[in-house]
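Which chain is which? The protein sequence lines are L and H, in order.
All residue numbers in the first sequence are consecutive under the working numbering, ending with 333.
All residue numbers in the second sequence are consecutive under the working numbering, ending with 337.
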Amino acid sequence: MGIILYEEPELKDPFMIVGWPGIGDVGLIAVDTLRATTEAEELGEIESWDFFYPKKVIIKTGILEDLKFPTNKFYFKRFERNDLIFFLGEEQPKKQTASGYAEGEEAYRMANLVLNVAEKFGCRRIYTSGAAVAFTHHSVRPRVWAVPNTEKLMEEIKKYPNTILMSHVEGRGGRGFISGLNGLLLGAARKRGFEGVCLMGEIPVYFQGLLIPYPGASKSVLKVFGEVLGIKIDFGKFDEKYQGMEKKIEDIYSQIPSEVKEQLDKLKELGYLGQTDLEPLSEENRKRLWDEISEFLKKGDGRDEEAI
Amino acid sequence: MKRPFEFTDQPELENPSIIVGWDGDIGKIAPGVIDFLNKELGGHKFCSIEPNGFFSLGGVAVEGDYIRFPESTFYYGQKKDLVIFKSDQPDHNHYTFLNSVLDVPGHYGRIKELFTISAMVSSIAHTAPRRIFAVFNQPELQEMLQSYNLKGLTWEGPPAISSFLLWIARRREIPGLSLWLEVPFYLAVIEDLEAIKLTLSFFDRRFNLNLDLGELDVKIREQNEKIEQLRIENKEVNKYLGLLESGLGLKEEVQLKLAQKIYEYFKRDREMR
Numbered sequence: 026m027g028i029i030l031y032e033e034p035e036l037k038d039p040f041m042i043v044g045w046p047g048i049g050d051v052g053l054i055a056v057d058t059l060r061a062t063t064e065a066e067e068l069g070e071i072e073s074w075d076f077f078y079p080k081k082v083i084i085k086t087g088i089l090e091d092l093k094f095p096t097n098k099f100y101f102k103r104f105e106r107n108d109l110i111f112f113l114g115e116e117q118p119k120k121q122t123a124s125g126y127a128e129g130e131e132a133y134r135m136a137n138l139v140l141n142v143a144e145k146f147g148c149r150r151i152y153t154s155g156a157a158v159a160f161t162h163h164s165v166r167p168r169v170w171a172v173p174n175t176e177k178l179m180e181e182i183k184k185y186p187n188t189i190l191m192s193h194v195e196g197r198g199g200r201g202f203i204s205g206l207n208g209l210l211l212g213a214a215r216k217r218g219f220e221g222v223c224l225m226g227e228i229p230v231y232f233q234g235l236l237i238p239y240p241g242a243s244k245s246v247l248k249v250f251g252e253v254l255g256i257k258i259d260f261g262k263f264d265e266k267y268q269g270m271e272k273k274i275e276d277i278y279s280q281i282p283s284e285v286k287e288q289l290d291k292l293k294e295l296g297y298l299g300q301t302d303l304e305p306l307s308e309e310n311r312k313r314l315w316d317e318i319s320e321f322l323k324k325g326d327g328r329d330e331e332a333i
Numbered sequence: 065m066k067r068p069f070e071f072t073d074q075p076e077l078e079n080p081s082i083i084v085g086w087d088g089d090i091g092k093i094a095p096g097v098i099d100f101l102n103k104e105l106g107g108h109k110f111c112s113i114e115p116n117g118f119f120s121l122g123g124v125a126v127e128g129d130y131i132r133f134p135e136s137t138f139y140y141g142q143k144k145d146l147v148i149f150k151s152d153q154p155d156h157n158h159y160t161f162l163n164s165v166l167d168v169p170g171h172y173g174r175i176k177e178l179f180t181i182s183a184m185v186s187s188i189a190h191t192a193p194r195r196i197f198a199v200f201n202q203p204e205l206q207e208m209l210q211s212y213n214l215k216g217l218t219w220e221g222p223p224a225i226s227s228f229l230l231w232i233a234r235r236r237e238i239p240g241l242s243l244w245l246e247v248p249f250y251l252a253v254i255e256d257l258e259a260i261k262l263t264l265s266f267f268d269r270r271f272n273l274n275l276d277l278g279e280l281d282v283k284i285r286e287q288n289e290k291i292e293q294l295r296i297e298n299k300e301v302n303k304y305l306g307l308l309e310s311g312l313g314l315k316e317e318v319q320l321k322l323a324q325k326i327y328e329y330f331k332r333d334r335e336m337r
C-alpha cells in the first residue's frame, strides 16, 4: 500500500514542487503549468484508493469494468542546477470538516508518502503553493506571500520577486495559518529535516468563495518559480489559455451591485501600497480604509483557507 | 495497526459467502431482506466493526424519536456457508472499512461469493413485476448465474458503496455481484415488500434456504390493498397510477405529488394503528 514508481532515475539535488487543489486552484495551476512547461516525465503515483472515495464507476452490460479515483502523480525533469520532482494531487484527502480541507491522519499519511519519495531521490527542499486570501483588488497585480519552514531561508526568500513575508502583510504581524496539505506537508517536512517554502498568490477576499480558477494569482507564483528555478515560462501562452477565465472574473465583478463595488474599489488603494511610486496613504487613512472594508465584508479576522 | 473489528463469538464457518446490506437504502430492501434472513435462519451477532475512524462521531442522530448510532454487524445462522453483514454506510476511510467487511468472513477460509443488496428508483407501477439488475465483478460469475434472470446493468457515473466493495473484492479475487432491485419511486421512502420478496427468492434459490415467504405474501397483499383503498378515495392518485400502469411517464412534480400522497396515507395508517 502506498507508492508505485514507474522508474527510478538518478536525480541531482532535486527540488520537489507540490500542487493540490484549493481556493482558485492557485497552486495547482501554477505547478501544473510548470510541469507542462518543463515537459516533465511521469515518475510514479500514490495509490489513491486508500485515501479517496472513487469518483466514477464504469459498468458495461452487468460487468464492473473499472473504478476511477482522483490521481496523485509524481513527475521528474533533469536540469543543469537542480533536477525537479513534481507532485500533483487531484484532490486533498479530507474528512468531512467544516473547512473542507485536508486534516487528520489521512492527510498526514499522504504528506509523509510524498516526503518518502522526496527522500528516496535525495531531495532536500520542498515547495508548496496555494492561495492567500487578501484585502486586495483583482485589478491589482497579486503579490506572493512566502512562508518558509525554517528561519534560515528568510534571507533567500526576501530576494524573490514580488514576494512578501507574513510580517509584511498588512495586519498580520507575521502570524497566520496555512490550512490543508500545503501547510501540513511543510510541517511534516520540517519534522523530517527538509527545507520547505509555501508560495501563495493573493486572491481578493471577495472571490474566495467562488469555485472557479484564479489564474492571476497562479501567474504571480509562476513568476517566482521561474526566477528561483531558472525556468523560462511562456506567459503569452499562459495568458491565452486563461483568457476566458479572466473575462469570467470580470463578468462576475460587473454583476456586483454598484454600492458594493464602490466599497470593493477601495481595495485598489490598499493593493497599490508598496507597488508604485505614488505617494502612499497615511498610516491613519490606511487603517480607516482597512477597517471600513473589513466591516463591509464582515471578514474582519481575515481567516483564509491556505493562508491565515 | 489494531484491526477495526471485534469478534464476540466464534461460529463454525467454512468458506462462507457473504451477503451485505446497507441501512437507509431505497425501499428499505437491504434491511428488510437481512432482518427476514436473520429471523428465518436464527441469525446471531458474532462480530462488529468499531465506528471510530469510519463514522462522524460528533454526536448522534435522532430518528423516529430514538437515538441512532452507527452499527456494522456480522451475523451467522444455521448455515455454515453464509455470513450476513448489515451496516450504516461509513463516512470516512471507506477502503479500510470495506476491506474489514471481507476480512471477517475471510477469517474462516476463502470467501466463496459476495452479494450486495441495493435498490434503484424506477417509474414502474407497484402492480408491475420487479426486475433485478446486477453488476458482477467477474464474467465467470455472470455466466454461472445466467439462469437467474438477472439484467446486466450499464452505467457510468458516481459509484455506490456496493460498487467500491465489489471492486475491492475483485482485487482480492473474490467473485461478487451487486443486486440492484427496481423500486417504484413512490415506495422508495416507504418499503417495497415485493422487491424484498424477489431478493429473498434469489437467495432462497442460491443457498437452498427453503424460506417460508407466506407471511411476506400476506404483508404484500395488505400493502397493495392499502394502495387500492387510496385509489378509491383519491381520484388523482388513481389517475397517476393508471398512467404508470399504462407504461406512461409522469412529470417530476407529479411524481413528487404522488409519492407524497402515498407516503402520507401510509403514515396516517401507521399512526391510527
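Glycine included, C-beta positions come from ideal geometry on N, C-alpha and C.
Open item on the list: Does the structure place the segment 95-108 of chain H close enough to the segment 194-205 of chain H that three or more beta carbon pairs sit under 8 Å?
Closed with: no
Task: chain H residues whose Cβ lies nearer than 8 Å to that of I84 (chain L) - done: Along the first sequence, read from residue 1 onward, the residue named residue 84 (chain L) stands at position 59. Simply V199, L217, T218, W219, E220 and S227.
Task: Beta-carbon contacts of S245 (chain L) that lie in its chain and below 8 Å, excluding the five residues immediately before and after - done: The count along the first sequence starts at 1 and reaches residue 245 (chain L) at position 220. Only R166, P167, R168, V169, N187, G226 and E227 meet the Cβ criterion.
Task: Minimum length 3: unbroken beta strand (DSSP E) runs contained in the segment 191-264 of chain H - done: 196-200, 219-221 and 240-248
Task: Beta-carbon gap between L178 (chain H) and A233 (chain H) smaller than 8 Å - done: Position 114 of the second sequence holds residue 178 (chain H). Position 169 of the second sequence holds residue 233 (chain H). Contact flag set, yes.
- [ ] Using only alpha-carbon positions, find the residue among L:I84, L:F40, L:E176 and L:K80 that is nearest to G255 (chain L).
- [x] Along the first sequence, read from residue 1 onward, the residue named residue 255 (chain L) stands at position 230. Ranking the options by Cα distance to G255 (chain L), first place goes to L:F40.
- [ ] Go ahead and pull the three-state DSSP assignment for A125 (chain H).
- [x] Residue numbering aside, residue 125 (chain H) sits at position 61 when the second sequence is read from its first letter. Of the three classes helix, strand and coil, the one that applies to A125 (chain H) here is strand, per DSSP.
TODO: Give the residues from the segment 150-177 of chain H that approach chain L closer than 9 Å (Cβ to any Cβ), ordered along the chain.
DONE: D155, H156, N157, H158, Y159 and T160
Task: Proximal residues of chain L, C-beta to C-beta of S206 (chain H) below 8 Å - done: Along the second sequence, read from residue 1 onward, the residue named residue 206 (chain H) stands at position 142. Looking at the sequence itself, residue 206 (chain H) is Gln, so the reference to Ser does not match. What Q206 (chain H) touches in chain L: G87 and I88.
Task: Under the three-state DSSP convention, the category T72 (chain H) falls into - done: Residue mapping note: residue 72 (chain H) aligns to position 8 of the second sequence, counting from 1. Coil at T72 (chain H), not helix or strand.
Open item on the list: Can you confirm whether the segment 204-213 of chain H touches the segment 255-263 of chain H when touching is taken to mean that 3 or more C-beta pairs between the two stretches lie within less than 8 Å?
Closed with: no
TODO: For G85 (chain H), I'd like the list of residues in its chain whose CB is within less than 7 Å of its CB, leaving aside the five on either flank, ordered along the chain.
DONE: Here residue 85 (chain H) is taken as the residue at index 21 of the second sequence, counted from 1. Excluding residues within five positions, the ones whose Cβ falls inside 7 Å are A94, P95, V97, I98, K150 and I181.
Open item on the list: What does the Cβ neighbour count give for E220 (chain L), buried or exposed, with the cut at 16 atoms within 10 Å?
Closed with: By 1-based counting over the first sequence, the position of residue 220 (chain L) is 195. Buried, because 16 or more other Cβ atoms sit within 10 Å of the Cβ of E220 (chain L).
Open item on the list: Does F219 (chain L) come out as helix, strand or coil in the three-state DSSP assignment?
Closed with: Looking up residue 219 (chain L) in the first sequence gives position 194. F219 (chain L) falls in the coil class under three-state DSSP.
Open item on the list: Measuring alpha carbon to alpha carbon, tell me which residue in H:W244, H:V282 and H:R285 is nearest F266 (chain H).
Closed with: Looking up residue 266 (chain H) in the second sequence gives position 202. Comparing Cα positions, the closest option is H:W244.
Task: K2 (chain L) burial status per 10 Å Cβ neighbour count (16 or more: buried) - done: Past the edges of chain L, shown from 26 to 333, lies residue 2 (chain L), and the structure says nothing about it.
TODO: Give the straight-line distance between the Cα atoms of K325 (chain H) and K331 (chain H), rounded to the nearest whole angstrom.
DONE: Taking the first residue of the second sequence as position 1, residue 325 (chain H) is located at position 261. Taking the first residue of the second sequence as position 1, residue 331 (chain H) is located at position 267. Whole-angstrom Cα-Cα distance: 10 Å.
Open item on the list: Is there a C-beta anywhere in chain H that falls below 8 Å from the one on W334 (chain L)?
Closed with: Summary: the structure shown does not reach residue 334 (chain L), with chain L confined to residues 26 through 333, and so no result is reported for it.
Open item on the list: Taking the straight line between their C-alpha atoms, what separation do you get for H156 (chain H) and P240 (chain L)?
Closed with: Position 92 of the second sequence, counting from 1, holds the residue named residue 156 (chain H). Position 215 of the first sequence, counting from 1, holds the residue named residue 240 (chain L). Distance between the alpha carbons of H156 (chain H) and P240 (chain L) is about 32 Å.
Task: C-beta contact flag for L68 (chain L) and A136 (chain L) at 8 Å - done: In the first sequence, counting from the first residue as 1, residue 68 (chain L) sits at position 43. In the first sequence, counting from the first residue as 1, residue 136 (chain L) sits at position 111. The answer is no: Cβ separation not under 8 Å.
- [ ] Consult DSSP for S136 (chain H) and reduce its assignment to one of helix, strand or coil.
- [x] In the second sequence, counting from the first residue as 1, residue 136 (chain H) sits at position 72. In the structure shown, S136 (chain H) sits in a strand (DSSP, three-state: E or B).
Task: Y78 (chain L) - containing beta strand (DSSP E), residue span - done: Translated into positions along the first sequence, residue 78 (chain L) becomes position 53. No beta strand (DSSP E) contains Y78 (chain L), which DSSP labels as neither H nor E.
Open item on the list: Given the structure, does I284 (chain H) come close to the ligand NAP, in the sense that its CB is under 7 Å from one of the ligand's heavy atoms?
Closed with: Within the structure as shown, the ligand NAP is missing, as the structure has no ligands at all.
Task: Min CB distance W231 (chain H) to chain L below 8 Å - done: By one-based count along the second sequence, residue 231 (chain H) stands at place 167. Yes, its Cβ sits closer than 8 Å to a Cβ of chain L.
TODO: Please state if the CB of S204 (chain L) and the CB of K293 (chain L) are separated by a distance shorter than 8 Å.
DONE: Position 268 of the first sequence, counted from the first residue, corresponds to residue 293 (chain L). Position 179 of the first sequence, counted from the first residue, corresponds to residue 204 (chain L). Taking 8 Å as the Cβ cut-off, K293 (chain L) and S204 (chain L) do not qualify as a contacting pair.
Open item on the list: Three or more C-beta pairs under 8 Å: does that hold for the segment 80-94 of chain L against the segment 216-225 of chain H?
Closed with: yes
Task: S187 (chain H) (DSSP reduced to helix, strand or coil) - done: On the second sequence, position 123 is the one that residue 187 (chain H) refers to. Coil at S187 (chain H), not helix or strand.
TODO: Identify which residue in L:R217, L:I274 and L:K37 has its Cα closest to the Cα of F146 (chain L).
DONE: Numbered from 1 along the first sequence, position 121 holds the residue referred to as residue 146 (chain L). Considering only alpha carbons, the answer is L:K37.
Open item on the list: What does the alpha-carbon distance come out to for the pair V185 (chain H) and Q202 (chain H)?
Closed with: For the purposes of this step, residue 185 (chain H) is taken as residue 121 along the second sequence, with counting starting at 1. For the purposes of this step, residue 202 (chain H) is taken as residue 138 along the second sequence, with counting starting at 1. Going from the Cα of V185 (chain H) to the Cα of Q202 (chain H) covers about 26 Å.
TODO: Assign K102 (chain L) to one of two classes, buried (16 or more other C-beta atoms within 10 Å of its C-beta) or exposed (fewer than that).
DONE: Translated into positions along the first sequence, residue 102 (chain L) becomes position 77. Buried.
Open item on the list: To the nearest angstrom, how far is the alpha carbon of T301 (chain L) from that of G201 (chain L)?
Closed with: Translated into positions along the first sequence, residue 301 (chain L) becomes position 276. Translated into positions along the first sequence, residue 201 (chain L) becomes position 176. Here T301 (chain L) scores only 33 on pLDDT, less than 50, and its place in the model should not be relied on; the value that follows carries that caveat. Distance between the alpha carbons of T301 (chain L) and G201 (chain L): 26 Å.
Open item on the list: Once the 5 residues before and after P118 (chain L) are set aside, which same chain residues still bring their CB inside 7 Å of it?
Closed with: Reading the first sequence from its first residue, position 93 is the one you call residue 118 (chain L). Only F76, F77, A127, E131, A132 and M135 meet the Cβ criterion.
Open item on the list: Taking the alpha helix (DSSP H) that L59 (chain L) belongs to, which residues open and close that run?
Closed with: Counting from 1 along the first sequence, the entry for residue 59 (chain L) is found at position 34. That run of the alpha helix (DSSP H) goes V51 to T62.
TODO: Note down the Cα distance separating H158 (chain H) from L92 (chain L), rounded to an integer number of angstroms.
DONE: Looking up residue 158 (chain H) in the second sequence gives position 94. Looking up residue 92 (chain L) in the first sequence gives position 67. So the alpha carbons of these two residues sit roughly 14 Å apart.
Task: Under 9 Å from the C-beta of L138 (chain L): neighbouring residues of chain H - done: For the purposes of this step, residue 138 (chain L) is taken as the residue at position 113 of the first sequence. Going along chain H, no residue has its Cβ under 9 Å from L138 (chain L), so there is no contact; the nearest lies around 14 Å.
Task: When L:L89, L:V222, L:K248 and L:A214 are compared against F263 (chain L), the one with the closest alpha-carbon - done: Within the first sequence, the letter at position 238 stands for residue 263 (chain L). Of the listed residues, the one whose Cα sits closest to F263 (chain L) is L:K248.
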